[in-house]
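Per this note's numbering, the very first residue in the sequence shown carries number 53; after that it's consecutive.
Glycine included, every Cβ here is placed at the ideal spot set by N, Cα and C.
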Amino acid sequence: MDVSQYLEIFLDETNEHLQNLNTQILELESDPENMDNINEIFRAAHSLKGMAGTMGYKRMQNLTHDMENVFSEVRNGNIKVKPEMIDVLFQCLDALEEYKNNIQETSDEGTNDNENLIKALNDILNGGKTEEAPAAKEEAPTATAPVAESGADGGEKWNDIAFDDSQIRVIKEAMKQGKNVYGINVVVQESCILKAARAFLVFKAVEEKGEIIVSMPSAQDVEDEKFDKDFTLIVLSDYSLDDIIKSAESVSEIAQVTGAVLELEKTKNYHAEEEAIEPAEEKKEAVAEVKAAEQPKKEEKKPVAAAKAPEKKPANKPVVNRTVRVDIEKLDSLMNLVSELIIAKNSLVAASSNDQGNNSAFNEQIEYLENVTTNLHESVMKVRMVPIESVVVKFPRMIRDLSKKLDKKMELYMSGEETELDRTVVDEIGDPLMHLLRNSADHGLESAEVRAQRGKPEQGSIFLDAYQDGNNVVIEVRDDGNGIDVEAVKNKAIERNLVTTEQAANMSEKDIINLLFQPGFSTSEKVTDVSGRGVGLDVVKSKIESLSGEVEVKSKWGEGSTWTIRLPLTLAIIQALMVVVGGEKYAISLGSIQTIEDISPNDIKLVENKEVINLRGTVIPLIRLTEVLDVESTRSPEDNLIVVIVKKGDKMAGLVIDELIGQQEIVIKSLGKYIKQCKFISGATILGDGEVALILDANALL
Numbered sequence: 053m054d055v056s057q058y059l060e061i062f063l064d065e066t067n068e069h070l071q072n073l074n075t076q077i078l079e080l081e082s083d084p085e086n087m088d089n090i091n092e093i094f095r096a097a098h099s100l101k102g103m104a105g106t107m108g109y110k111r112m113q114n115l116t117h118d119m120e121n122v123f124s125e126v127r128n129g130n131i132k133v134k135p136e137m138i139d140v141l142f143q144c145l146d147a148l149e150e151y152k153n154n155i156q157e158t159s160d161e162g163t164n165d166n167e168n169l170i171k172a173l174n175d176i177l178n179g180g181k182t183e184e185a186p187a188a189k190e191e192a193p194t195a196t197a198p199v200a201e202s203g204a205d206g207g208e209k210w211n212d213i214a215f216d217d218s219q220i221r222v223i224k225e226a227m228k229q230g231k232n233v234y235g236i237n238v239v240v241q242e243s244c245i246l247k248a249a250r251a252f253l254v255f256k257a258v259e260e261k262g263e264i265i266v267s268m269p270s271a272q273d274v275e276d277e278k279f280d281k282d283f284t285l286i287v288l289s290d291y292s293l294d295d296i297i298k299s300a301e302s303v304s305e306i307a308q309v310t311g312a313v314l315e316l317e318k319t320k321n322y323h324a325e326e327e328a329i330e331p332a333e334e335k336k337e338a339v340a341e342v343k344a345a346e347q348p349k350k351e352e353k354k355p356v357a358a359a360k361a362p363e364k365k366p367a368n369k370p371v372v373n374r375t376v377r378v379d380i381e382k383l384d385s386l387m388n389l390v391s392e393l394i395i396a397k398n399s400l401v402a403a404s405s406n407d408q409g410n411n412s413a414f415n416e417q418i419e420y421l422e423n424v425t426t427n428l429h430e431s432v433m434k435v436r437m438v439p440i441e442s443v444v445v446k447f448p449r450m451i452r453d454l455s456k457k458l459d460k461k462m463e464l465y466m467s468g469e470e471t472e473l474d475r476t477v478v479d480e481i482g483d484p485l486m487h488l489l490r491n492s493a494d495h496g497l498e499s500a501e502v503r504a505q506r507g508k509p510e511q512g513s514i515f516l517d518a519y520q521d522g523n524n525v526v527i528e529v530r531d532d533g534n535g536i537d538v539e540a541v542k543n544k545a546i547e548r549n550l551v552t553t554e555q556a557a558n559m560s561e562k563d564i565i566n567l568l569f570q571p572g573f574s575t576s577e578k579v580t581d582v583s584g585r586g587v588g589l590d591v592v593k594s595k596i597e598s599l600s601g602e603v604e605v606k607s608k609w610g611e612g613s614t615w616t617i618r619l620p621l622t623l624a625i626i627q628a629l630m631v632v633v634g635g636e637k638y639a640i641s642l643g644s645i646q647t648i649e650d651i652s653p654n655d656i657k658l659v660e661n662k663e664v665i666n667l668r669g670t671v672i673p674l675i676r677l678t679e680v681l682d683v684e685s686t687r688s689p690e691d692n693l694i695v696v697i698v699k700k701g702d703k704m705a706g707l708v709i710d711e712l713i714g715q716q717e718i719v720i721k722s723l724g725k726y727i728k729q730c731k732f733i734s735g736a737t738i739l740g741d742g743e744v745a746l747i748l749d750a751n752a753l754l
C-alpha cells in the first residue's frame, strides 16, 4: 500500500509532536516529579513511534520506541528523572529533527542509526531497573498463550473460515498454477494501543511477499479495530511460509505469528463433491479471479468505509477536532481571487461615481458587493492568520543549550505567543528572532562575575514580547545585560573603513548603533559557533525589510538592549489613504497614519534649517513629498498645507501632499526588482479606473 500520500500529514504531525516534546522535557527539567509532563511525553513518544512505523521509517521508530521504554519506567516509578537523562532526551529530539528534515527533503530518513543514543537510552533503562528483566522475559509466553488455545486444530484459525464457492475456486486454481496457499494467524501484543495501525503494517509487509485473498475479520473491520487480539489471513505466494511469517513478525508489537499450508479439506465450508472437473469457462473465471485477487482486496476497503461512514458516528458524540490543514498555496490562490474581486469592485465603484444618473438599484448592488468582498477578505485573512507560538516555542530549548555552551546562567521569559500574524510572515521570522536571541545571550548578557560586580542577579534575563499595535505586530527582544558599547562599535567601524574618524565624531549614538546592521560587522574578538562571523544582524535587517517591516534598537550601557521588530499584519490587501502629489495618485497605509492636518504656511518654523510644525505641543518635522518624488506641486505656496501625520515607533513626521482623495481598500502588487533601490516605494496597486498608483512606505520616509 502506498503511504506517500500521507507524507505531508506525517510531517505536520511530527512537527507538532517534536515541539510538544521540547516544551514538556524543558518543563520536566525544572519539575522532575510532574507526572502530567511524564505522561504527556510518553504519549507523544508513543504516537511518534506509531506514525514512523506506519510510514515505514524504522530508524525513527526504533529511537522513539526506546524513548517510550524509558518513560514507561519513569511512569512506573522504577527510574528517577536526572539531569543527564534530560541531556540524552534532547539529543534524541535533535536526532528525530534530523530524521524529519531528511524525510522532508528526500522522503527517506537517511542511514544514521543513532546507535550511541539508543545505547544511552538502554543504559538509562538498565541503570534504572535491576529486577525487571526476568519479569519481562516471562511476559512473552503469557501474551502468546491465546494462540495455542484458539482455532480448531491447535491455533489453526484459518480452518474456521467458511469460504464461498468463488474463493474456493480461486484457491484451487492457484494451487494448480503452483502457487503456495497459506493460512496465517497474527496475534497483537496485549499492551498494544494502536492495534489497527499494527494490523495495517502486517498487511503491508505480507503484501510485499504475496496476495491476501481473504481476511478474518474483514479488512474493513481490522481497519476499524473491530477485532480482539488476533486476525487471520489467507495468502497466495511464491515465497516460503517462513518468509511470510518473518515479514509479519518484523512489525513491532506483534506477539506471535503462526501459519501453515492451507488444506482445503480441513476448512469449515468445504464439500468433497466440488472436486469434480470444472467446465472450461469456470477454469477461465478462476484464473481471472486469481489474477484479480489483489484488486478486489484493495478496493474492498474504500467502498465499505464509505457505506459504513454514517453508522460510525454516535448520535451525541462530541466533535473532537474542527480544524483542517490547508496547503498555503491554496490559500494564496484564494487570496489572489479575492484580490481580483476587490479590483473588480473598485472598478464598479468608479463607474457608478462617473454615472450622472441616479440609479439607486445599481448603487445598492455596489454596496452589497462591497460588503461581500470586505467580509470575504476578512475571512480569508483570518484563515491565513496563525499564532507566532509555532515559531517561538523552540526558543526556550535554544536558550537552555546556549546557557550550557556559554557557561552563563540565563532564563527566557516570553509573552504574547498567541499574537497572530499572516502565515507567510510567521514562516519567515524564525531566523531573525533566533539571531537576536543568540545575540542577547552571547553579546548582551555578562558573565556571572561581572553581573555580581554590577549588583545584578547571577541569572541573566532575556525577554521576548509580542503584541498587536494597530495594523502592525511588534516583537521585542530585550535583555538586562551589557547594552551596546558605542565606543567599541565606533572604533570597529573606523578599523574596517566603514566610516572615517571625522564622520564617526559627528555621528549620533543611534547612527553608530545602526552600523551593527552592516554586512559582516561584528565586535567579537574571536569567532565561535555561536557568534563572531558578522552574519547575524544584517540578515535580520534584510529579512525584516523584505517583509515590509522595520527593526530598531535602543540600548543603555550597563543596563541592557531592546531590539524592536515591527511587521504588518498582512502583506496582501490593506486599507490605504489615497492622495495626489504632483498630479499623480499615491497610497499610504492607514496603519502608519495618525491624523490629517490643515496647516497654515505661517505655522511652519525652521529648526537646524529643516521645516517643522508645532502640533499640540509636539514638534514634528515636515517632509514635502513633491521634493522626495521630484515632481512639481499643483498647489500655490500661499495655500494651506494638507499634512498627513505618520508615526513609526516613537518617531513622527508630517507628509505634505497636494490633494486628499479618501480611504480605499487596495491590493498590493509587487514591483519585483524594477525599483528595488527606491526604498520608499513598497509596491503598486490597480485602481478602479485601471490606473496604477504607487504605494508609499511611510516607515522608509521617516
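In the structure shown, Lys-132 falls within a coil segment according to DSSP collapsed to helix, strand and coil. Under the three-state reduction of DSSP, Tyr-420 is assigned to helix. Secondary structure of Met-559 (DSSP, three-state): coil. Annotation: the continuous alpha helix (DSSP H) that includes Ile-596 extends over 589-598. In terms of Cα proximity to Ile-709, the closest of Phe-732, Asp-650, Ile-738 and Val-664 is Asp-650. With fewer than 16 other Cβ atoms from the protein chains shown falling within 10 Å of its own Cβ, Ile-61 counts as exposed. Per the DSSP secondary-structure output, Ala-745 pairs in a beta bridge with Thr-737. Sequence-distant partners of Asn-398 (beyond 5 residues in either direction) whose C-beta falls short of 6 Å from its own C-beta, in its chain, are Gly-740. Per the DSSP secondary-structure output, Leu-285 pairs in a beta bridge with Ile-236 and Ser-267.
Counting only unbroken stretches of 4 or more residues, the alpha helix (DSSP H) elements lying wholly within the stretch 485-533 are 500-505, in sequence order. When secondary structure is reduced to three states using DSSP, Ala-628 falls in the strand class.
Just measuring C-alpha positions, the residue of Glu-554, Ala-556, Ser-267 and Val-591 sitting nearest Gln-570 is Val-591. Its chain contains Asn-121, Val-122 and Glu-125 as the residues whose beta carbon lies nearer than 7 Å to that of Leu-177, once the 5 sequence neighbours on both sides are disregarded; these appear in chain order.
Each of Val-240, Tyr-519 and Asn-86 was checked against the Cα of Ile-306, and the nearest Cα belongs to Val-240.
For Trp-210, DSSP assigns no beta-bridge partner whatsoever. In this model, Glu-242 and Lys-281 are separated by some 7 Å (Cα to Cα). Across the set Ser-270, Asn-232 and Lys-542, the C-alpha of Asn-232 shows the shortest separation from the C-alpha of Asp-290. Taking the C-beta atoms as reference points, Ile-617 is found no nearer than 8 Å to Pro-448.
Distance from Leu-674 to Glu-663 at the Cβ level is roughly 4 Å; contact confirmed, criterion being Cβ atoms closer than 8 Å. Put simply, the backbone Cα of Val-632 is about 60 Å away from that of Gly-162. With contacts defined as CB atoms closer than 8 Å, Leu-148 and Leu-115 qualify as a contacting pair.
Boundaries of the alpha helix (DSSP H) harbouring Asn-751: 750-753, taken from the DSSP string. Boundaries for Thr-116: no beta strand (DSSP E) harbours it, while the alpha helix (DSSP H) harbouring it runs 110-127, taken from the DSSP string. Taken atom to atom, the span from the alpha-carbon of Asn-72 to that of Leu-78 is near 10 Å.
Val-529 places its beta carbon less than 8 Å from that of Leu-489. When only Cα atoms are considered, Glu-717 and Arg-687 end up about 27 Å apart. A straight-line Cα-Cα distance of about 22 Å links Val-744 and Asp-384. Only residues of its own chain outside the window of five on either side were considered, and among them Ala-97 and Cys-144 have a CB closer than 6 Å to the CB of Met-119, listed in chain order.
If you draw a straight line from the Cα of Tyr-638 to the Cα of Val-551, it is about 36 Å long. Secondary structure of Gly-601 (DSSP, three-state): coil. Cβ-Cβ distances below 7 Å link Glu-277 to Lys-247 and Ala-248 in the same chain, with the five nearest sequence neighbours on each side left out; the list follows chain order.
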